[in-house]
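These notes concern the structure reproduced below.
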Amino acid sequence: MKTLVHVYKKEIRDMFRDKRVRSSAIFGPIFVLVLMMTLIGFVSTSVRKQEGQKLHVIKSDSPAAIMLRQTKFAIVEVANVDEAKKLIKDGKAKVVLDFRPPSASGQTIIDAYVDPKEQMAQILLGGLRQAFGEQNKKQLATTLKSKGLPETAGEAFKIEERDVQVGEAGGAGEFLIGMLPYLIVIWAFYGGMSIASDLVAGEKEKNTLETLLISPARRTQIVLGKFLALATVCLMSSMSNLVGLAILAKLHLPGSDVILKNGLGVTPMAFAITLIVLLPLVAFFASILIAISSFARNPREAQTYLATCSFVVIMPAMFSQFIGYTDAGKQLWINMVPILNSANSIRMALMGKSDAVAIATTVLVSLALALIALRVTVYMFNREEVLVRA
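When the count follows the numbering used here, it moves up by one through the sequence shown with no breaks and lands on 451 for the last residue.
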């Protein structure tokens with residue numbers, strides 16, 4: 062046991078002397094999360110607000126045009142339809158409104174000239190529909206009142222949302238529920254990936270692996286020491302996302318209020334479940350990384366294998382972002398899919414809807430895969446092939 066601890070301490074010490082580990086595995090996730098969340102929040106805030114958004118209109122004295130001038134839109138007048146179309150084709154206008162004369166019934170048709178492929182134009186149209194919808198409601202209320210009818214007479218059906226508390230209260234917001242599990246999972250892999258190529262393959266190239274293999278430590282202890290050290294880095298890299306989230310909440314950066322509108326959202330129970338799910342996942346990633354490094358002849362070959370492996374990790378982790386839009390989240394087969402099951406369990410924990418059976422299945426699947434990969438690595442270390450491939 063002392064030998065195993067000695068190998069572990071030696072590997073951890075060497076890892077944290079490497080600037081790549083400190084920058085990529087520890088500070089990298091924090092910086093990426095804070096930067097990404099701030100940018101997304103800032104863009105989301107900018108898109109939602111109407112104030113200052115430029116809106117082109119063809120000159121008109123229509124009541125609708127007069128009403129628009131009283132809103133927060135920045136109105137720019139255009140001479141005619143031809144000029145409007147040219148501005149849109151040149152990318153100088155998103156939406157141009159042309160007001161038809163009121164009909165006999167008093168309705169004003171507004172032609173909105175847009176590029177249907179332009180996303181900002183669709184967002185601006187959504188804001189216009191909301192503004193005119195509110196004006197229509199006011200007009201309807203005035204008409205009903207003049208006829209001596211209640212305002213509700215113009216709204217035969219109305220939906221009122223009634224929230225039902227499911228699971229633990231105080232869960233994360235919708236955006237964090239979709240994004241945070243993905244980041245936690247991929248950084249558990251990428252954190253270890255930054256150093257994995259040098260862990261065994263690098264020692265082969267530097268001819269230092271032979272010295273380690275002839276030491277008093279048994280080869281199984283060497284593998285376990287390296288495995289535990291790499292798993293520690295993977296875990297720290299993954300948990301750095303939560304540190305970044307806490308920093309984001311503490312600094313109140315611009316746009317962060319959109320991301321954290323429901324607060325930090327990581328309850329003690331959600332944190333505990335995340336850790337329970339993450340530990341076997343980290344063990345799985347660390348065992349895979351060390352197996353690849355042991356199989357490779359040199360760091361360059363190891364990096365090639367790791368780059369391919371990273372795509373296998375990204376795909377199920379990425380799917381976890383969209384699983385909430387399907388009915389698959391609570392199906393049994395999800396818990397049997399490596400990586401996806403962990404991301405989904407973390408997602409459910411953030412929602413406060415954790416399921417004990419799903420968590421247990423996820424943990425067992427990750428542990429089983431970790432043991433298989435670790436057994437393969439021990440097998441390679443117990444054969445001279447681990448040196449011959451150098």
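Glycine included, C-beta positions come from ideal geometry on N, C-alpha and C.
Worksheet item: Counting pairs of beta carbons, one from the segment 252-259 and one from the segment 338-352, are three or more of them closer than 8 Å?
Response: In short, these stretches touch, since the Cβ pair count reaches three.
Fill in: Check whether valine 373 and serine 299 have beta carbons under 9 Å apart
Their beta carbons are not under 9 Å apart, which means valine 373 does not touch serine 299 by this criterion.
Worksheet item: How many Å lie between glutamate 179 and glycine 152 at the Cα?
Response: Looking at the two C-alpha atoms, the distance is approximately 10 Å.
Worksheet item: Under a three-way DSSP split, which group does phenylalanine 442 fall into?
Response: DSSP places phenylalanine 442 in helix when its eight states are reduced to three.
Item to complete: Specify the secondary structure class of glutamate 72 as computed by DSSP and reduced to three states.
Response: Helix, per DSSP.
Worksheet item: Residues in its own chain within less than 6 Å of isoleucine 334 by CB, not counting five upstream and five downstream?
Response: So the list reads Ala410 and Ser415, once near-sequence residues are dropped.
Worksheet entry | Segments assigned alpha helix (DSSP H), at least 4 residues, entirely inside the segment 81-135 | With a minimum length of 4 residues, the continuous alpha helix (DSSP H) runs that stay inside the segment 81-135 are 89-109 and 124-130.
Item to complete: Assign valine 398 to one of three DSSP states: helix, strand, or coil.
Response: Valine 398: coil per DSSP, three-state reduction.
Worksheet item: Does the beta-carbon of valine 137 have 16 or more other beta-carbons within 10 angstroms, so that it is buried, or is it exposed?
Response: Label assigned to valine 137: exposed.
Worksheet item: Roughly how many whole angstroms lie between the Cα atoms of alanine 262 and leucine 270?
Response: Alanine 262 and leucine 270 have their C-alpha atoms some 9 Å from each other.
Item to complete: Report yes or no: do three or more beta-carbon pairs, one from the segment 115-130 and one from the segment 163-172, lie closer than 8 Å?
Response: Touching, per the Cβ criterion.
Discussion item. Assess contact between the segment 142-158 and the segment 175-189, defined as three or more Cβ pairs (one per stretch) separated by less than 8 Å. Is contact present?
Written reply: Touching, yes, given that three or more Cβ pairs across the two stretches are closer than 8 Å.
Worksheet entry | For valine 304, the first and last residue of its enclosing beta strand (DSSP E) | Segment 280-312 is the alpha helix (DSSP H) holding valine 304; no beta strand (DSSP E) there.
Item to complete: Please determine if the segment 368-388 and the segment 283-303 are in contact, where contact requires at least 3 C-beta pairs separated by less than 8 Å.
Response: These segments do not touch.
Worksheet item: Do serine 354 and serine 427 come within 9 Å of each other at the CB atom, strictly closer than that value?
Response: For serine 427 and serine 354, no; Cβs fall outside 9 Å.
Practice prompt. Just grab the DSSP bridge partners of leucine 158 for me.
Written response: Leucine 158 pairs with Val118 and Ala173.
Discussion item. Less than 9 Å between the beta carbons of asparagine 405 and isoleucine 384, yes or no?
Written reply: In contact: asparagine 405 and isoleucine 384 (Cβ atoms closer than 9 Å).
Worksheet item: Going straight from the alpha carbon of valine 93 to that of glutamate 362, what length do you get?
Response: If you draw a straight line from the Cα of valine 93 to the Cα of glutamate 362, it comes to about 28 Å.
Worksheet item: Which class does valine 137 belong to by DSSP, given the choice of helix, strand or coil?
Response: Strand.
Discussion item. Using a 10 Å radius around the Cβ and a threshold of 16 neighbouring Cβ atoms, would you call histidine 117 buried or exposed?
Written reply: Buried is the call here.
Item to complete: Assign lysine 63 to one of three DSSP states: helix, strand, or coil.
Response: In the displayed model, lysine 63 falls within a helix according to three-state DSSP.
Fill in: Three-state class that DSSP yields for glutamate 264 in the structure shown
The answer is helix: DSSP assigns glutamate 264 an H, G or I state.
Worksheet entry | Buried versus exposed, by CB contacts within 10 Å (16 or more), glycine 102 | With 16 or more Cβ atoms within 10 Å of its Cβ, glycine 102 is classed as buried.
Fill in: Bounding residues of the alpha helix (DSSP H) (the contiguous stretch that carries arginine 223)
Where arginine 223 is concerned, there is no enclosing alpha helix (DSSP H), given that its DSSP letter is neither H nor E.
Item to complete: Give me the Cα-Cα distance between phenylalanine 442 and arginine 279, rounded to the nearest whole angstrom.
Response: In a straight line, the C-alpha of phenylalanine 442 is about 10 Å away from that of arginine 279.
Worksheet item: Cβ of lysine 287 within 9 Å of Cβ of isoleucine 351?
Response: Cβ distance < 9 Å, so lysine 287 and isoleucine 351 count as in contact.
Worksheet entry | Which listed residue (Val139, Ala214, Leu96 and Asn359) has its alpha carbon closest to that of asparagine 268 | Answer by Cα proximity: Asn359.
Practice prompt. State the DSSP-derived secondary structure class of glutamine 382, mapped to helix, strand or coil.
Written response: Here glutamine 382 sits in coil by DSSP.
Fill in: Inter-residue spacing [alpha-carbon to alpha-carbon] between alanine 368 and alanine 307
A straight-line Cα-Cα distance of about 30 Å links alanine 368 and alanine 307.
Practice prompt. Answer with buried or exposed for isoleucine 220, where buried requires no fewer than 16 other C-beta atoms within 10 angstroms of its C-beta.
Written response: With a threshold of 16 other beta carbon atoms within 10 Å, isoleucine 220 falls short and is exposed.
Item to complete: Determine the direct distance from the alpha carbon of aspartate 75 to that of threonine 422, and round the result to whole angstroms.
Response: Each residue's Cα considered, the two are about 35 Å apart.
Worksheet item: Going by other Cβ atoms of all chains shown within 10 Å of its Cβ, with 16 needed for buried, is aspartate 159 buried or exposed?
Response: Result: buried.
Worksheet entry | Close Cβ partners of leucine 201 (< 7 Å) along its chain, the five nearest in sequence each way excluded | Excluding the 5 residues flanking it on each side, leucine 201 has same chain C-beta neighbours closer than 7 Å at Gly215, in chain order.
Practice prompt. Determine the direct distance from the alpha carbon of asparagine 402 to that of alanine 451, and round the result to whole angstroms.
Written response: Per-residue confidence for alanine 451 stands at a pLDDT of 45, beneath the threshold of 50, marking its modelled position as unreliable; the derived number appears in the next sentence. The alpha-carbon separation between alanine 451 and asparagine 402 amounts to approximately 36 Å.
Worksheet item: Nearest to arginine 436 by CA position, among Glu266, Leu339, Ala290 and Thr281, is which residue?
Response: Considering only alpha carbons, the answer is Thr281.
Worksheet item: In whole angstroms, what is the alpha-carbon distance linking lysine 265 and leucine 309?
Response: Distance between the alpha carbons of lysine 265 and leucine 309: 42 Å.
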